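Here it is, written out as structure tokens:
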């Protein structure tokens with residue numbers, strides 16, 4: 001515990017990790033912010049059990065990922081798959097094709113809960129399947145298969161959307 | 172769809188947290204800690220009050236029992252006194268009668284002789 005900085009510093013350092021994971025998994029800024037707050041409040045209660053910053057980072061990823069999966073399932077039960085909000089201004093100017101971005105975001109939002117979080121952990125956090133398996137406490141083979149299936153689903157959806165766009169342009 | 176993975180990396184890159192989020196989290200954590208501390212003190216105060224209440228009640232009960240015992244002893248003493256007086260009075264009242272009876276018996280004996 002002696003090597004850990006104060007709680008405020010930990011929050012400043014890792015807020016974007018948790019918020020971003022929640023935002024990409026849930027597609028809603030308000031819900032993502034609420035979830036981020038809950039994760040950090042839970043960390044505040046459990047901070048005495050953590051020994052290093054690596055441990056804190058792993059704990060945050062795991063807590064956020066599990067909460068995201070629960071929230072996605074709850075949202076699906078409540079009102080069906082949620083749609084991504086309009087991307088934040090900072091993201092919009094860097095993105096090449098806003099339409100493509102929107103379509104990809106919608107496709108990611110339509111993935112099943114665990115597959116969605118696995119995809120976000122893989123491409124936002126650049127985690128290897130072994131690391132994702134440790135975060136989600138799943139077998140590595142399951143993570144690999146979920147990731148593979150998620151990519152296949154996304155590819156199929158994007159191709160379908162592209163072909164719809166092309167046919168509507170020609171007509 | 173050139174490179175799905177590259178596009179995913181670009182789309183899913185880290186977002187900046189909203190301004191003031193960290194401050195809000197720290198404030199909430201501080202508030203919760205303060206509430207936790209005050210709740211703990213409230214619980215301690217409640218426990219002390221309950222213990223004091225139980226002690227007070229126990230003391231009241233003991234005093235009542237002592238008083239009852241004292242009253243019972245006083246009553247017993249008073250009854251004993253009354254009983255002694257009554258015995259004395261009874262003796263005084265019965266004393267001459269016994270003599271009269273004795274006299275009568277003596278007279279009866281004289282008559283018989």
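Protein chains in written order, with our numbering: chain Z, 1 to 171; chain P, 172 to 284.
For glycine and all other residues, C-beta sits at the position ideal for the given N, C-alpha and C.
Predicted, not measured: the structure shown is a model, and the values here were computed from it.
Neighbour-count burial assignment, residue i, 16 or more Cβ in a 10 Å radius
i, result
"residue 107 of chain Z", "buried"
"residue 101 of chain Z", "buried"
"residue 154 of chain Z", "buried"
"residue 44 of chain Z", "buried"
"residue 19 of chain Z", "buried"
"residue 130 of chain Z", "exposed"
"residue 258 of chain P", "exposed"
"residue 156 of chain Z", "exposed"
Listed by chain order, chain P residues near residue i by CB distance under 8 Å
i, result
"residue 118 of chain Z", "Those within 8 Å of residue 118 of chain Z in chain P number zero; the least Cβ separation is about 12 Å."
"residue 36 of chain Z", "188, 192 and 196"
"residue 8 of chain Z", "193 and 197"
"residue 105 of chain Z", "182"
"residue 110 of chain Z", "What residue 110 of chain Z touches in chain P: nothing, since even the nearest Cβ is about 14 Å away."
Residue from the options whose Cα sits closest to the Cα of residue i
i, options, result
"residue 152 of chain Z", "Z:119, Z:133 and Z:57", "Z:119"
"residue 5 of chain Z", "Z:121, Z:51 and Z:21", "Z:51"
"residue 28 of chain Z", "P:205, P:188 and P:255", "P:188"
"residue 47 of chain Z", "Z:35, Z:8 and Z:34", "Z:8"
"residue 177 of chain P", "Z:157, Z:122 and Z:72", "Z:122"
"residue 53 of chain Z", "Z:35, Z:141 and Z:13", "Z:13"
Cross-chain neighbours of residue i in chain Z, by beta carbon under 9 Å
i, result
"residue 174 of chain P", "Those do not exist, as residue 174 of chain P stays about 11 Å from chain Z at its closest Cβ, beyond 9 Å."
Chain P residues whose Cβ lies nearer than 7 Å to that of residue i
i, result
"residue 11 of chain Z", "193, 196 and 197"
"residue 15 of chain Z", "188, 192 and 193"
"residue 24 of chain Z", "183"
"residue 145 of chain Z", "Chain P residues near residue 145 of chain Z: none, gap ~17 Å exceeds 7 Å."
Proximity of residue i and residue j at Cβ, strictly below 9 Å
i, j, result
"residue 143 of chain Z", "residue 68 of chain Z", "no"
"residue 124 of chain Z", "residue 183 of chain P", "yes"
"residue 103 of chain Z", "residue 161 of chain Z", "yes"
"residue 147 of chain Z", "residue 113 of chain Z", "no"
"residue 199 of chain P", "residue 99 of chain Z", "no"
"residue 37 of chain Z", "residue 195 of chain P", "yes"
9 Å Cβ cut-off: residues of chain P touching residue i
i, result
"residue 41 of chain Z", "196, 199, 200 and 203"
Interface partners of residue i on chain Z, CB under 7 Å
i, result
"residue 180 of chain P", "123"
>> Across the region 122 to 137 of chain Z and the region 55 to 73 of chain Z, are there enough close Cβ pairs to call them in contact, namely three or more that are closer than 8 Å?
In response: Contact between the region 122 to 137 of chain Z and the region 55 to 73 of chain Z is present, with at least three C-beta pairs closer than 8 Å.
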